[in-house]
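Heads up: the structure comes next, in C-alpha cells.
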Amino acid sequence: MVVHPEVLDGLLRILVSRKGSDLHVKVGVPPRIRVKGLLSEIGGIPPATAVLVQELVRKSIPAEMWDEFLHSKQADYAYQSHDGNRFRVNAFFQRGNISIAFRLVASSPASIEELYLPEVVSALANERRGLILVTGPTGSGKSSTLAAMVQRINETRSAHIITIEDPIETLHSDICSLINQREVGFDVTTFLDAIRAAMREDPDVILIGEMRDEETVRAAISAAETGHLVLSTLHTLNAKETVSRIIDFFPSHQHQQIRSSLAGSLRGVICQRLVRVNDSSLRPVLEVMVANGRIIQCILEPSKGSEIPVIIKEGEYYGMRTFERSLFELIESGLISSSEAMLSATSPQDLQVMLQRSGLV
Numbered sequence: 017m018v019v020h021p022e023v024l025d026g027l028l029r030i031l032v033s034r035k036g037s038d039l040h041v042k043v044g045v046p047p048r049i050r051v052k053g054l055l056s057e058i059g060g061i062p063p064a065t066a067v068l069v070q071e072l073v074r075k076s077i078p079a080e081m082w083d084e085f086l087h088s089k090q091a092d093y094a095y096q097s098h099d100g101n102r103f104r105v106n107a108f109f110q111r112g113n114i115s116i117a118f119r120l121v122a123s124s125p126a127s128i129e130e131l132y133l134p135e136v137v138s139a140l141a142n143e144r145r146g147l148i149l150v151t152g153p154t155g156s157g158k159s160s161t162l163a164a165m166v167q168r169i170n171e172t173r174s175a176h177i178i179t180i181e182d183p184i185e186t187l188h189s190d191i192c193s194l195i196n197q198r199e200v201g202f203d204v205t206t207f208l209d210a211i212r213a214a215m216r217e218d219p220d221v222i223l224i225g226e227m228r229d230e231e232t233v234r235a236a237i238s239a240a241e242t243g244h245l246v247l248s249t250l251h252t253l254n255a256k257e258t259v260s261r262i263i264d265f266f267p268s269h270q271h272q273q274i275r276s277s278l279a280g281s282l283r284g285v286i287c288q289r290l291v292r293v294n295d296s297s298l299r300p301v302l303e304v305m306v307a308n309g310r311i312i313q314c315i316l317e318p319s320k321g322s323e324i325p326v327i328i329k330e331g332e333y334y335g336m337r338t339f340e341r342s343l344f345e346l347i348e349s350g351l352i353s354s355s356e357a358m359l360s361a362t363s364p365q366d367l368q369v370m371l372q373r374s375g376l377v
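This is the structure we're talking about:
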C-alpha cells in the first residue's frame, strides 16, 4: 500500500481548520485531534492500519532519519505541510507498532501580549545577560513563550541571536536582530556541541531548546556567566523545584560551586501551566521568580531553599507572582470561575484568602 501525501496533509488540514493543537495516529483506532485541550476522534475516518501509520512517518520524516528511527524506535523532527503549516513531530513504537503525534507550531511567533503574558516577561526579555528559564509540563506553552521573548528582542534591539533546537519550531525573520537557528541532528550533532560553537560565533543571545544533561546545563550557565543572555527550558513545575533540579544535575561534591555559579547568573524563572477559561480556550497561568538578593541567598544556602515560595509571594515589587496571583487575575477579569481556579491552584488556601480580601466570595 502506498499512501498519497495528500492523506497526511488532509489529516493535518483538518487539525488546522478545527483550530486544534495536536494530531495522534495509532494503529487500530481512528485518528484523534486535540482541540482546546480536549482529545477526540476526528469522525468519519476508519481506524488506522499499521501500513498507513508507517507510511505517514515515511512521508513526513527526513529521509536520512528513517534508518535511525527504526534502530532507536523513536524520532523527533519537524514537518512542513504543502499548505505551509509547520509541525513538531514525534514518531515512536508502542506494542510493536508505530504511532505518530503531530503538534502544530506557529509559522511566526506570537507576541508576549498575544499570549496574555504579564509585563515581567517583557522585562526579563530586556535583560542583556544571565540565565532565564521557562519551565512547565509538556504542552504548557514553553516554546511559545520562548519564541515570544526572542521576538521581543528581535523587534527592539540589534543583537546576534542563536537558537539551538530539536527540532526548530518557530521560524524567525531578522528584524532588528540577526538570528541564526540551528537544528540538532541537521546543523549540529548535539546541544553541547552547538553551545560550545556558539561561544565562537559572537552571540548576544543563545536559546537552548532544552537542558537535558549535566554538560549542557554547565555550558549554559558558563555562557550566562560570560556576559550572554541564555534562554532555556526545563520540565519542572515551580521555581523552587527548578533551582533544585539544576543543582541535582551535578554530583554532590560540585553542588556548592554550581550554587555559586547559578546565584551569579540566574535572572529569572517563568513557570507556566495552561488553564481552561470560560470560553473553553486556554490561558497561561504563571509563577515568576526574579533573582533578587533574597532569592540569591536561597540559591547559595541549601537550608534556605524552602523560603523561595514565600519570597515569590512577597516579591510583587520585583515583578514576581505566584500561580494563585495569576489565577486571581483571571477570576477578577471574569474569565474563569473561582471553583475552576481552585482546581488549578498550588495553594487553594492562598487563593481563597485573596478572594475573601477582595470581596469576590
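Counting along the sequence shown from 1, when you hit position 42 you're at 58 in the working numbering, and nothing is skipped either side. Every residue, glycine too, gets a C-beta built ideally from N, C-alpha and C.
Hey, out of the options, whose CA is closest to residue i's CA?
{"i": "residue 203", "options": "193, 165 and 182", "result": "182"}
{"i": "residue 222", "options": "350, 228 and 237", "result": "237"}
{"i": "residue 163", "options": "84, 188, 153 and 81", "result": "188"}
{"i": "residue 274", "options": "249, 317, 300 and 247", "result": "317"}
{"i": "residue 299", "options": "139, 156, 212 and 169", "result": "156"}
{"i": "residue 295", "options": "353, 218 and 96", "result": "353"}
{"i": "residue 198", "options": "186, 191 and 192", "result": "186"}
{"i": "residue 90", "options": "82, 97 and 96", "result": "82"}
{"i": "residue 145", "options": "220, 349 and 173", "result": "220"}
{"i": "residue 23", "options": "192, 71, 257 and 224", "result": "71"}
{"i": "residue 5", "options": "102, 126, 93 and 27", "result": "In the structure displayed, the chain extends from 17 to 377; residue 5 sits before or after that span and is not available."}
{"i": "residue 103", "options": "112, 184 and 87", "result": "184"}
{"i": "residue 111", "options": "43, 349 and 256", "result": "43"}
Spatial neighbours of residue i within its chain, please: CB distance less than 6 Å, with the 5 preceding and 5 following residues excluded, ordered by chain position.
{"i": "residue 45", "result": "63"}
{"i": "residue 308", "result": "334"}
{"i": "residue 17", "result": "Below a pLDDT of 50, predicted positions are generally treated as unreliable, and residue 17, at 46, falls in that range; no measurement from the model is reported."}
{"i": "residue 226", "result": "249"}
Got a sec? Which residues, its chain only, sit under 7 Å from residue i by beta carbon, not counting five neighbours each side?
{"i": "residue 100", "result": "123"}
{"i": "residue 138", "result": "128 and 168"}
{"i": "residue 174", "result": "192 and 193"}
{"i": "residue 210", "result": "180, 198, 200 and 204"}
Ignore the nearest five residues each way along the sequence and tell me which others in residue i's own chain have a CB closer than 8 Å to its CB.
{"i": "residue 231", "result": "208"}
{"i": "residue 133", "result": "161, 164, 300 and 302"}
{"i": "residue 347", "result": "353, 354, 357, 371 and 376"}
{"i": "residue 25", "result": "97, 98 and 99"}
{"i": "residue 320", "result": "313 and 314"}
{"i": "residue 360", "result": "289, 291, 301, 339 and 343"}
For the putative contact between residue i and residue j, defined by C-beta atoms under 8 Å, what is the C-beta separation to the nearest angstrom?
{"i": "residue 49", "j": "residue 29", "result": "11 Å between Cβ atoms; not a contact."}
{"i": "residue 286", "j": "residue 105", "result": "About 26 Å; that fails the 8 Å criterion."}
{"i": "residue 61", "j": "residue 107", "result": "With 8 Å as the limit, residue 61 and residue 107 do not qualify as a contact, their Cβ atoms being about 19 Å apart."}
{"i": "residue 259", "j": "residue 324", "result": "7 Å"}
{"i": "residue 255", "j": "residue 246", "result": "Actually they do not touch by this definition, with Cβ atoms about 17 Å apart."}
Inset, instruction - Please determine if the segment 330-350 and the segment 287-305 are in contact, where contact requires at least 3 C-beta pairs separated by less than 8 Å. - result: yes
Inset, instruction - Please determine if the segment 31-44 and the segment 112-119 are in contact, where contact requires at least 3 C-beta pairs separated by less than 8 Å. - result: yes
Inset, instruction - Just list the beta strand (DSSP E) runs in the segment 77-133, keeping only unbroken ones of 3 residues or longer that don't cross its boundaries, in chain order. - result: 90-96, 102-110 and 113-121
Legend entry - 3 or more residues per run - each beta strand (DSSP E) lying fully within the segment 169-252: 176-181, 194-199, 221-224 and 245-250
Legend entry - Length at least 3, wholly inside the segment 252-299: the beta strand (DSSP E) runs in chain order: 282-292
Legend entry - Minimum length 3: unbroken beta strand (DSSP E) runs contained in the segment 136-165: 146-151
Legend entry - Cβ contact check for the segment 262-278 and the segment 323-337: 3 or more pairs under 8 Å: no
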